[in-house]
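Residue numbers (our numbering), protein chains in the order written: chain A, 102 to 574; chain B, 8 to 486.
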């Protein structure tokens, strides 16, 4: 529409900010809203569009998870310890979306340092699910998911360490993609667990997801782990007609009797939809699935304990004075971090300490390799793997806060993907009886984002489920 | 009871790169305003990521190869976690289980000191305490200068093969000469680009003792003194029936003693684990042969060549190899002129004196080669005598003029004309009757005095051999 000059960027912003005014008080998707800056940007972008510049995201509003650095804009990780941190640089993804003409309208809420599955662990208060305000939007990119679902933005970026893009996408009925590790630069993404973290697009449909991925993917010299690969045109993936000749595997380990019946039903329906599209469905096995979660909860906290050690009150953010250096460190970190973050720092410190390293961390690395080999084996037989994204639809606020282990289980289907470094997408697969969206997850081979988008797009066209919005939008 | 010192060294060397180990900030922190050469990466700001400086890797490999190490082909970085205000990420990126090189050695005065390992790591920043002494005691607050953060270092760890303070000093000097020689580090101890820690214990009747670690020795002299002190201290402790405590000790150069810095109970658990932000490294054969191809002749091989091919002695060789530029100049001179013995003499005695007086940079002194060549020719042809040659050489270097021009313009050609010399001799004898008498009464020393007088009146230009002959003749005539 922008391309056809039917709409100018300011008009889109008007409607987005009107929506924010209506719903933000209920949802709390954002930590920071950049209204003035957005309109300033819109003016510039309009000028560039009028000059005929080719801007793939020209004038499109985007919200950025507040764990991704934005130059001159406070970036908090939803933590008290980073209050007042204004990064002097943009993350590479922020650079790229800006260059593509997108307009950053705000920084979205998250679980502190991306640790959590409900966006309740934010130092600035929880975000609510736009489909049901009593429920969580998922986490940790809950703010980014809720904002897209409720029409408070068109695009958003989240980060996914163990499912933090896909699980909230599932809870909010939107599209969330965790790309192959290394496809999207992590430069400027404040690290939680470096070997697992990956930035991913969160959008209302698959086409937007492809568009945004196209902009943010690709080699970055500032990130040594970023991959040097030539990118396909991801938008072409959304043109596919059917899925004939494609083999979809359903791992038996993911479909147990413990699965919420509404989720099981959605997977069953999805299976039939894929069959209608011509895909062949078969059962596969990923035998090390049961070890994925414990492995994740060793590796991620270990890296987190190291990554979060820099918040000591010396250079930036919160500092609470003490009589001695040691006391300053203790006071600052005691007051700056929330319970979940402290819990993971302690677990991580423990598993890395001398005498425990071999028993925990080293063993976890070995199991991680086994999990990856499971996928390698499976992809010799099938092209894609279909699973639920989360074992349940969005749960109630407060329901799992007191029981971290129960909370951790909501990432049980997403975590193996991060351990293996492969890509996976969550799209809306249907609704529970209460009308809550339920996501399905499609996993693919490393760097086969094109294929994932193709499968997801065909499903979307077949089911039209993405058209459902909360508040009738 | 047989007591023997056992010493191992850990040496940190700053690599001669333009930029830091993981970012593109400059490395020349000396004399810079605090916190002016920093960026998000070396400050460890949230979201920043390290990218390895390939040049640093090449230099580190160069050192590992020169130290005869086994190069490990698969290597990686680890994080060494600890809290300190000068460490902005609260971890140091270092190499741990797989260093670049292992099992090397460096020969010092004919003895092989084994190198246990050599690895790369980033430097930390530094704390500035606003007190008169610059020390922590009494400071109300401390300031942090992050300029040095991320500067590339190699750490070289020896086996405990060193048995005296002198040997330790000689080792560090040899190592410094080596790293300078191969262009890996400037090895400047005062500016901190070469830092040395030592582990010392005393073995009693061949049984190993408890070791202490000495830090803060920032000159060769300090290394020697600190080790001597610590050895004495440990021996005294043992002899008086006490026990050496395992601890880290600080060398106080002004007081000439070591003091306890921290004890074992604070032993660190660094929680090392593989750095996930950097990929493991594969060191290829191509890279190693590329480095070998550009490796200059190492100091030891060079010294042996000089002895073998040129017949130079130990002392001469050690002076010439005291710096790489001097050795290079010597080799160039010999290539152009030949006559290694004479060239060596000229460089060591005259040239080094002039360098000192004029504050010359040896590495910029190749212009000296044709001058020295001419000087030797002028001497060969009897145009000037040895005394004049020295002053002409000095002037040539000082003014950058060719010796033959100086000789010509100042009329310094040697006088060998016998009749002119005989005249000078006669007048000297006439004016120095006392000396003549004492010579004739058997005091041979007077001869040299008279000879000197003749040289003086001829302004040094007379051919000394002719003067000697004529003087002998004239004195004989008087007796």
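We treat Cβ as the ideally placed atom computed from N, Cα and C, and that holds for glycine.
Indicate the three-state DSSP secondary structure (helix, strand or coil) for residue i in the structure shown.
| i | result |
| --- | --- |
| residue 340/B | helix |
| residue 503/A | coil |
| residue 193/B | coil |
| residue 364/A | helix |
| residue 133/A | strand |
| residue 145/A | helix |
| residue 400/B | helix |
| residue 230/A | strand |
| residue 12/B | strand |
| residue 237/A | coil |
| residue 216/A | coil |
| residue 241/B | helix |
| residue 574/A | Residue placement at residue 574/A is poorly supported in this model, since its pLDDT is 46, which falls under 50; the coordinates are not used for a value here. |
| residue 170/B | coil |
| residue 331/A | coil |
| residue 471/B | helix |
| residue 302/B | coil |
| residue 460/B | helix |
| residue 567/A | helix |
| residue 27/B | coil |
| residue 382/B | helix |
| residue 225/A | coil |
Grab the span of the beta strand (DSSP E) containing residue i for me, first residue to last.
| i | result |
| --- | --- |
| residue 488/A | 485-489 |
| residue 126/B | 118-129 |
Quick one: what's residue i bridged to in DSSP?
| i | result |
| --- | --- |
| residue 19/B | 162/B and 202/B |
| residue 352/A | 385/A |
| residue 266/B | 257/B |
For residue i, collect the residues of the same chain with a Cβ closer than 8 Å to its Cβ; drop the 5 residues on either side in sequence, then sort them by chain order.
| i | result |
| --- | --- |
| residue 470/B | 389, 392, 421, 422, 423 and 428 |
| residue 492/A | 359, 360, 361, 364, 510, 511, 513 and 514 |
| residue 315/A | 157, 332, 334, 335 and 336 |
| residue 404/A | 292, 293, 294, 295, 296, 297 and 449 |
| residue 200/B | 20, 21, 192, 193 and 194 |
| residue 458/A | 452 |
Which chain B residues are close to residue i, counting only those with a beta carbon under 9 Å from its beta carbon?
| i | result |
| --- | --- |
| residue 570/A | Result: empty, since nearest Cβ-Cβ is about 33 Å, beyond 9 Å. |
| residue 170/A | 47, 52, 53, 54 and 55 |
| residue 420/A | Result: empty, since nearest Cβ-Cβ is about 11 Å, beyond 9 Å. |
| residue 142/A | Those do not exist, as residue 142/A stays about 22 Å from chain B at its closest Cβ, beyond 9 Å. |
Since residue i meets chain A, which of its residues come closer than 8 Å, beta carbon to beta carbon?
| i | result |
| --- | --- |
| residue 58/B | 322, 323, 324 and 325 |
| residue 86/B | 407 |
| residue 303/B | None at all; the shortest Cβ gap to chain A is about 32 Å. |
| residue 294/B | Going along chain A, no residue has its Cβ under 8 Å from residue 294/B, so there is no contact; the nearest lies around 17 Å. |
Please work out which residues of its chain come closer than 7 Å, Cβ to Cβ, to residue i, disregarding the five sequence neighbours upstream and downstream, and give them in chain order.
| i | result |
| --- | --- |
| residue 284/B | 56 and 57 |
| residue 574/A | Low local confidence applies: a pLDDT of 46 at residue 574/A is under 50, so the model's placement there is unreliable, with the coordinate-based value given in what follows. Here the set comprises 252. |
| residue 399/B | 382, 391, 410, 413, 414 and 419 |
| residue 102/A | Annotation note: pLDDT 46 at residue 102/A (below 50); position unreliable, coordinate value reported separately. Cβ within range, chain order: 108. |
Ignore the nearest five residues each way along the sequence and tell me which others in residue i's own chain have a CB closer than 6 Å to its CB.
| i | result |
| --- | --- |
| residue 343/A | 378 and 379 |
| residue 244/B | 251 |
| residue 432/B | 461, 477, 478 and 481 |
| residue 501/A | 507 and 508 |
| residue 389/A | 471, 472 and 475 |
| residue 282/A | 299 and 522 |
| residue 545/A | 485, 524, 552 and 553 |
| residue 13/B | 167, 208 and 210 |
| residue 183/A | 177 and 418 |
| residue 443/A | none |
What residues of chain B sit near residue i, judged by a beta carbon separation below 7 Å?
| i | result |
| --- | --- |
| residue 272/A | Simply none; closest approach about 26 Å. |
| residue 224/A | The premise fails here: residue 224/A is roughly 15 Å from chain B at the closest Cβ pair, so nothing lies under 7 Å. |
Starting from the beta carbon of residue i, find every residue of chain A whose beta carbon is closer than 7 Å, and list them in chain order.
| i | result |
| --- | --- |
| residue 358/B | Here the premise fails: no neighbours, minimum Cβ distance about 48 Å. |
By the criterion of Cβ-Cβ separation under 9 Å, what are the contact partners of residue i in chain A?
| i | result |
| --- | --- |
| residue 96/B | 407, 408, 410 and 411 |
Would the C-beta of residue i count as close to the ligand ZN, meaning under 7 Å from any of its heavy atoms?
| i | result |
| --- | --- |
| residue 390/B | The model on display carries no ligand, and the ligand ZN is accordingly not part of it. |
Counting along the chain, where does the alpha helix (DSSP H) carrying residue i start and finish?
| i | result |
| --- | --- |
| residue 367/B | Neither: residue 367/B is in no alpha helix (DSSP H) and is coded neither H nor E. |
| residue 113/A | 110-128 |
| residue 410/B | 410-417 |
| residue 591/A | Residue 591/A lies beyond the range of chain A shown here (102 to 574); nothing can be said about it. |
| residue 475/A | 464-482 |
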